[in-house]
Amino acid sequence: MSRKTLRALFEIRLRWSDKVIQEEPRPYGGGLWVPDTPRNRDRLDKAVALGNTLYGDQTHWIEKRQA
Numbered sequence: 070m071s072r073k074t075l076r077a078l079f080e081i082r083l084r085w086s087d088k089v090i091q092e093e094p095r096p097y098g099g100g101l102w103v104p105d106t107p108r109n110r111d112r113l114d115k116a117v118a119l120g121n122t123l124y125g126d127q128t129h130w131i132e133k134r135q136a
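To convert a position in the sequence shown, counted from 1, into the numbering used here, add 69.
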């Protein structure tokens with residue numbers, strides 16, 4: 070009988086400060102939750118970097134939760 074490893078599934082999303090002015094209606098303060106995969110993590114890392122460049126340091130970050 071093989072041993073199975075239990076893995077917790079996580080989701081991540083882009084979050085931004087209330088100080089960020091939004092040009093179009095979007096979810097208030099955060100984006101949609103997506104699975105925490107390397108591809109999604111890379112995309113959100115790039116979005117955080119761009120957001121912090123445009124709106125100031127620590128205005129954007131990645132939030133993580135257990136799914």
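We put the CB at the ideal spot given by N, CA and C, even for glycine.
Fair warning: this is a prediction, and the values are worked out from it, not measured in the lab.
A distance below 8 angstroms between beta-carbons, with the five flanking residues on each side excluded, links Ile131 to the following residues of its chain, in chain order: Ile81, Arg82, Leu83, Arg84, Arg110, Leu113, Asp114, Val117. A straight-line Cα-Cα distance of about 11 angstroms links Gln135 and Trp102. Annotation for Lys88: Thr128 place their beta carbon closer than 7 angstroms to its own, counting only its chain and skipping 5 residues before and after. Checking the DSSP bridge columns, you'll see Val89 has no partner listed.
Between the alpha carbons of Leu78 and Ile90 lies a distance of about 32 angstroms.
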